[in-house]
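Q:
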Amino acid sequence: MSLKDVLKPGMKGIFYGRHSTDKQQMDSQRQSVYELAKKYKCSIIEEYLDPGVSASKVELEKRESIQRMLKDARKKEFDFIAVYSNDRLARNPIEHMIIRLKIKTLEIPIVISSKETLYDHEDDLYQIVQDTFTKIELEKIITRTYDGLVAQAKKGHFNGGRAPYGYKYIAKPRGNEAFEPIEEKLIYVKKMFELYKKGEGFQAIANHLSEINSEEKWTKEKVRAIITNPFYAGYIAWGKRKSGTSSLKERDLWILADQEYITPIITKEEWELCWSIYHDRKTRKTSPKAIKTSFLLKDLVQCKTCKQLLDTKNQRTTSNTGKSYGERKYICSSCNNYITLERLHDDMVPRILADVRWQTKDEIYNAVEVTLNKEIQELENQIKSLHEAKAEYLVKKSKLEVELRQYMQKNENKKVINILTLYNQSLNKSIMEIDQLITINHKQIDMKSNFSFTKELIDNAIDSITAESVNHTNTDIRSLLLALVTSVTVNFKTKPVTYDYKLRIFADKLNVTNPDQISIFH
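FYI, in UniProt numbering the residues of the sequence shown are 1 to 522.
1. List the endpoints of the continuous alpha helix (DSSP H) containing Val-497.
2. Would the region 413-424 and the region 325-343 be scored as touching if the rule is three or more Cβ pairs under 8 Å?
3. Does DSSP put Trp-275 in a helix, a strand or coil?
4. Run the CB neighbour count on Met-348, radius 10 Å, all protein chains shown included, and call it buried at 16 or more, exposed below.
5. Looking only at its own chain, which residues have a Cβ that is under 6 Å from the Cβ of Asn-514, when we skip the five neighbours before and after it?
6. Can you tell which of Asn-491, Ile-212, Gly-201 has the C-alpha that lies nearest to the C-alpha of Lys-185?
7. For the region 58-69 and the region 23-40, state whether three or more C-beta atom pairs, one from each stretch, are separated by less than 8 Å.
8. Cβ of Ser-65 within 8 Å of Cβ of Asp-50?
9. Compute the distance between the beta-carbons of Gly-239 and Gln-259, then report whether it is under 8 Å.
10. Compute the beta-carbon to beta-carbon distance between Asp-311 and Ser-333, rounded to the nearest angstrom, for a pair I have assumed lies under 8 Å.
11. If I measure Cβ to Cβ from Arg-316 and keep anything under 8 Å in the same chain, skipping five residues before and after, which residues do I get?
12. Taking just the CA atoms, how far does Phe-179 sit from Tyr-261?
13. Apart from the five residues just before and just after Lys-190, which ones in its own chain have a Cβ nearer than 6 Å to its Cβ?
14. Just mark Phe-15 as buried or exposed, buried being the case when its beta carbon has 16 or more other beta carbons within 10 Å.
15. Is DSSP giving Arg-18 helix, strand or coil here?
16. So, using beta-carbon positions, are Ile-438 and Ile-383 closer together than 8 Å?
17. Quick check: Ile-99 and Leu-89, are their CB atoms within less than 8 Å of each other?
18. Enumerate in chain order the residues of its own chain whose CB-to-CB distance from Val-368 is below 6 Å, with the five nearest sequence positions on each side excluded.
19. Using alpha carbons as the reference points, say which of Met-408, Ile-364, Leu-386, Gln-302 lies closest to Ser-487.
20. With H, G and I counted as helix, E and B as strand and the rest as coil, what does DSSP make of Asn-413?
21. With a threshold of 6 Å on Cβ separation, who are the neighbours of Asn-337 within its own chain once the five nearest residues in sequence on each side are excluded?
22. How many angstroms separate the CA atom of Leu-273 from the CA atom of Thr-475?
23. Write down the C-beta distance between Arg-478 and Leu-296 rounded to the nearest angstrom, noting that I regard them as a contact closer than 8 Å.
24. Closest by CA to residue 546, which one among His-442, Arg-162, Ser-113, Ala-237?
25. Let's test the definition: count the other Cβ atoms within 10 Å of the Cβ of Thr-219 and tell me whether it reaches 16, buried, or not, exposed.
26. Can you tell me whether Ile-182 sits near the ligand ADP, meaning its C-beta is under 7 Å from at least one heavy atom of the ligand?
27. Using the three-state DSSP reduction, which class does Lys-38 fall into: helix, strand or coil?
28. Following the continuous beta strand (DSSP E) through residue 536, name the residue where it begins and the one where it ends.
29. Pick out whichever of Ile-364, Asp-299, Thr-318 has its Cα sitting closest to the Cα of Tyr-330.
30. Over the uninterrupted alpha helix (DSSP H) stretch that includes Tyr-196, give me the two end residues.
31. Starting from the C-beta of Ala-73, find all residues in its chain whose C-beta is less than 6 Å away, skip the five residues before and the five after it, and write them out in chain order.
32. Go ahead and pull the three-state DSSP assignment for Phe-80.
33. To the nearest angstrom, how far is it from the Cα of Lys-12 to the Cα of Leu-118?
34. Compare the Cα-Cα distances from Ile-255 to each of Tyr-278, Phe-231, Gln-444 and report the closest residue.
35. Smallest Cα separation from Trp-275: which of Ser-294, Ser-210, Leu-209, Gly-201?
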């Protein structure tokens with residue numbers, strides 16, 4: 001791993017130095033470390049020095065500065081540790097392993113300035129250890145150290161580090177730890193979770209918080225760290241991050257312990273919902289951009305004549321006086337007809353949401369789940385049929401090209417050659433159109449299969465929309481429409497424009513013959 005992936009501008013580090021005889025060695029170590037920090041636009045905020053100490057003669061536990069450094073590391077008072085070389089930390093292979101394990105649990109990187117590499121990634125370290133001790137003995141030592149840390153984590157004991165944002169750590173004898181909530185900060189944490197459940201992304205949440213509290217520095221990284229931290233639901237978590245990075249490990253590698261001394265601000269179910277949303281976005285199953293749009297029916301509306309999905313176009317501009325001009329449109333790129341966002345939404349969205357109020361949450365969820373599976377199966381059947389049709393066309397094309405070459409070699413009957421050439425072009429066009437349809441169907445399957453549709457997510461959207469208050473947002477409505485609506489069809493030929501729409505909560509089509517009238521056909 002490159003140091004630029006670990007050392008970010010603005011990070012604060014400390015310098016650990018040790019020399020046994022020559023004081024000038026310390027000066028050269030210091031210069032190397034400070035130059036490294038400057039190169040990566042970081043700062044050294046403190047020095048931990050063990051002068052006149054031999055690492056081979058003085059045991060790790062008796063070296064005052066390195067012990068103080070390890071103690072402060074548990075408090076997360078700095079972002080990284082910088083040393084000139086790995087032998088400044090220890091010469092004994094076992095002590096190397098102890099340092100590495102302790103620092104690894106705290107997720108603080110140690111960088112080697114002389115080589116510009118990570119101490120954790122020193123390839124020769126394992127070779128040194130294996131040359132000195134048998135593999136069995138080493139594994140026993142590692143296992144005992146690791147198991148001890150894991151056992152403490154599973155008991156819910158706090159293994160050190162900085163208290164999560166919004167809490168203050170109260171140090172007490174092990175087993176009696178306490179975290180004091182800081183209510184004026186937890187207000188913002190609660191807002192983060194609320195917005196995230198509604199589909200907002202990390203950057204959008206950071207921007208929103210910056211507007212309501214500009215004194216605090218809000219970044220998407222800070223928001224992500226909070227949203228993905230189960231501490232806020234009452235869990236102590238250990239081993240979440242990959243060593244030396246901010247990247248999260250897979251969930252099954254975490255050690256979680258429910259702990260009573262934490263005052264949670266959200267339920268475990270709410271945190272699991274947020275984690276599910278995060279995981280889906282990370283694996284590109286869904287995107288906040290797909291939900292956060294003013295075009296509530298985007299990718300759901302099609303032209304009845306052309307059978308094409310309508311494109312969306314925002315032609316609005318704002319003058320210096322704040323007045324808006326232009327329109328937001330749903331446009332059929334084939335027949336050039338369009339309908340304004342305001343008209344389509346006013347005509348359709350209230351009617352669709354009214355249907356939601358007729359059903360229970362369980363009925364909605366079950367109906368959507370069953371219908372989505374049917375739609376996916378239908379698309380897969382269509383793809384199979386398209387591949388069969390393509391195979392037939394390819395056979396025809398192969399036979400045609402053989403016949404065409406024969407005529408062209410004889411250079412006779414040009415009329416037949418022209419006819420065969422046109423037919424060949426027609427076959428090529430048909431094959432290309434089939435390939436396009438196959439691609440479209442695959443995209444539809446991916447969208448439907450990977451749609452972040454959970455019972456909790458739909459419950460939240462329904463609760464927000466069906467509440468007496470009108471504080472629900474476009475993301476609430478958009479989330480629900482994506483789950484409920486199979487299609488909305490616009491008939492531009494009628495005056496006024498009419499619509500058909502299908503909902504997954506009904507087996508039959510809801511037909512709107514007039515914007516002011518609705519009828520259900522059973």
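A virtual CB, placed ideally from N, CA and C, is assigned to each residue, including glycine.
A: For this structure:
1. No alpha helix (DSSP H) contains Val-497, which DSSP labels as neither H nor E.
2. Too few Cβ pairs lie closer than 8 Å, so no.
3. If DSSP states are grouped into helix, strand and coil, Trp-275 belongs with the helices.
4. With 16 or more Cβ atoms within 10 Å of its Cβ, Met-348 is classed as buried.
5. Confidence is the limiting factor: at Asn-514 the pLDDT is only 47, short of 50, which leaves the residue's position unreliable and the question unanswerable from this model.
6. Among Asn-491, Ile-212, Gly-201, the Cα nearest to that of Lys-185 is on Ile-212.
7. The region 58-69, when compared against the region 23-40, does not touch it at the 8 Å Cβ threshold.
8. Yes. Within cutoff.
9. No, these two residues do not count as a Cβ contact at 8 Å.
10. Yes, they are in contact, since the Cβ atoms of Asp-311 and Ser-333 sit about 5 Å apart, within 8 Å.
11. Within the same chain, Cβ atoms closer than 8 Å to the Cβ of Arg-316 are found at Ser-324, Tyr-325, Gly-326, Glu-327, Arg-328, the five residues on either side in sequence being excluded.
12. Straight-line Cα distance between these residues: approximately 7 Å.
13. Contacts found: Ile-265.
14. By the neighbour-count definition (other C-beta atoms within 10 Å, threshold 16), Phe-15 is a buried residue.
15. If DSSP states are grouped into helix, strand and coil, Arg-18 belongs with the strands.
16. Yes, they are a contact pair.
17. Cβ atoms of Ile-99 and Leu-89: closer than 8 Å.
18. Shown here for Val-368: same chain residues with a beta carbon closer than 6 Å to its own, the five before and five after excluded, namely Ala-483, Arg-504 in chain order.
19. Nearest C-alpha to Ser-487 among Met-408, Ile-364, Leu-386, Gln-302: Gln-302.
20. Asn-413 falls in the coil class under three-state DSSP.
21. Residues Phe-492 of the same chain have their beta carbon placed closer than 6 Å to that of Asn-337, with the five preceding and five following residues left out of the count.
22. Going by C-alpha positions, Leu-273 is about 16 Å away from Thr-475.
23. With a contact defined as Cβ atoms closer than 8 Å, Arg-478 and Leu-296 qualify at about 5 Å.
24. Nothing in the structure corresponds to residue 546, since the chain is present only between 1 and 522.
25. A residue is called buried once 16 or more other Cβ atoms fall within 10 Å of its Cβ, and Thr-219, having fewer, is exposed.
26. Among the components of this structure there are no ligands whatsoever, and the ligand ADP is therefore not found.
27. Collapsing the DSSP output to three states places Lys-38 in a helix.
28. In the structure as shown, the chain starts at 1 and stops at 522, and residue 536 therefore has no counterpart that could be examined.
29. Residue Asp-299 is the option with its Cα nearest to Tyr-330.
30. Per DSSP, the unbroken alpha helix (DSSP H) holding Tyr-196 starts and ends at 183-197.
31. So the qualifying residues of the chain are Leu-106, Ile-108.
32. Of the three classes helix, strand and coil, the one that applies to Phe-80 here is strand, per DSSP.
33. The straight-line gap from Cα to Cα measures roughly 16 Å.
34. Per the Cα distances, Phe-231.
35. Looking at the Cα atoms, Gly-201 is the closest of the given residues.
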